[in-house]
Amino acid sequence: MGRHDDLDRFYALLDELAERVGGPRKLKNCTGYMDWPDRGIYLFLEPGETRTPSDQPRVTRIGTHAISAGSKTSLWDRLKQHYGTGSASSNHPHGGNHRGSVYRKRVGEALIEKHALHDDYPSWDDRWSSLSRERDDVRGEEYIMERRVSAYIRDQPFLWLDVDDEPSKESDRRYIEENALALLSNFEKESIDPRTTDWLGRHSRSERIRQSGLWNVNHVDEAYDPDFLDRLARAVDETEPV
Numbered sequence: 001m002g003r004h005d006d007l008d009r010f011y012a013l014l015d016e017l018a019e020r021v022g023g024p025r026k027l028k029n030c031t032g033y034m035d036w037p038d039r040g041i042y043l044f045l046e047p048g049e050t051r052t053p054s055d056q057p058r059v060t061r062i063g064t065h066a067i068s069a070g071s072k073t074s075l076w077d078r079l080k081q082h083y084g085t086g087s088a089s090s091n092h093p094h095g096g097n098h099r100g101s102v103y104r105k106r107v108g109e110a111l112i113e114k115h116a117l118h119d120d121y122p123s124w125d126d127r128w129s130s131l132s133r134e135r136d137d138v139r140g141e142e143y144i145m146e147r148r149v150s151a152y153i154r155d156q157p158f159l160w161l162d163v164d165d166e167p168s169k170e171s172d173r174r175y176i177e178e179n180a181l182a183l184l185s186n187f188e189k190e191s192i193d194p195r196t197t198d199w200l201g202r203h204s205r206s207e208r209i210r211q212s213g214l215w216n217v218n219h220v221d222e223a224y225d226p227d228f229l230d231r232l233a234r235a236v237d238e239t240e241p242v
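Residue numbers (full-length UniProt numbering): 1 to 242.
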């Protein structure tokens, strides 16, 4: 079997997953009070991005958490970082911290590039440790963009997988994530399920994002192990609605 066939199987498994959990969710409709699995994988399906030649939603971001030994981060902890701040959060409601979420950082970068807002957000790529200005000043300066990023990400449908193994670099969560990214990526490969011309990721500063069609940069240049689809299938069978 080749990559085309493996992609078809991958998306057929996502269809099964969607049926099992009652369809994708959106972060804007989610809370930490929902019965999320402690550990798992999330897959974002961007509106308007579909497979060719069908209308099946295309995955644009995959992530996991707690792959370092001893890590206590939960699946919702990671999703909450992407979600950002709530409506009653201090002085920056519906904002967020893109320095704590690579997904937020990359979306913000693309919005800045698309709308030529570099002068408005000169510190977007800087780490806190490298900034000489007060953090509160930077947060205030970046607040409008953080809100735009929150609005964008919270409207992305996503699915999740319950993969509750111990944090480790050899975890099944890492194995599934890495191989799924390698399978889906078009970076320096045949372009399968080409990205729409207005996909925001086309404005990314990262060539890997622009070419791969994913909001990920790691593992998009690697080969995949087709056997990961068998482990993915077991994860689908083990996942319940929240």
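Think of the CB as a built atom: it goes at the ideal place given N, C-alpha and C, for glycine as much as any other residue.
In this structure, R104 lies away from G95, with their beta-carbon atoms at least 7 Å apart. Minimum Cα-Cα distance from R25 among the listed residues E46, Y11, A12 and S185 corresponds to E46. Residue environment: S87 is assigned as exposed (fewer than 16 neighbouring CB atoms within 10 Å of its CB, all protein chains considered). Closest option to D136, judged by alpha-carbon separation, among H92, F158 and S212: H92. For the 7 Å CB-CB criterion, V107 and V138 do not form a contact. Take the alpha-carbon of S101 and the one of L79: they are about 9 Å apart. Fully enclosed alpha helix (DSSP H) runs of no fewer than 4 residues occupy 135-154 of the segment 118-170, in order along the chain. Three or more pairs of CB atoms, one per stretch, sit closer than 8 Å, so the segment 54-64 contacts the segment 172-182.
Around the beta carbon of D126, a 10 Å sphere encloses fewer than 16 other beta carbons of the protein chains shown; the residue is thus reported as exposed. In the structure shown, the three-state DSSP call for K80 is helix.
The criterion of a C-beta distance shorter than 7 Å is not satisfied by G32 and P241. Per DSSP, F187 has no beta bridge partner at all.
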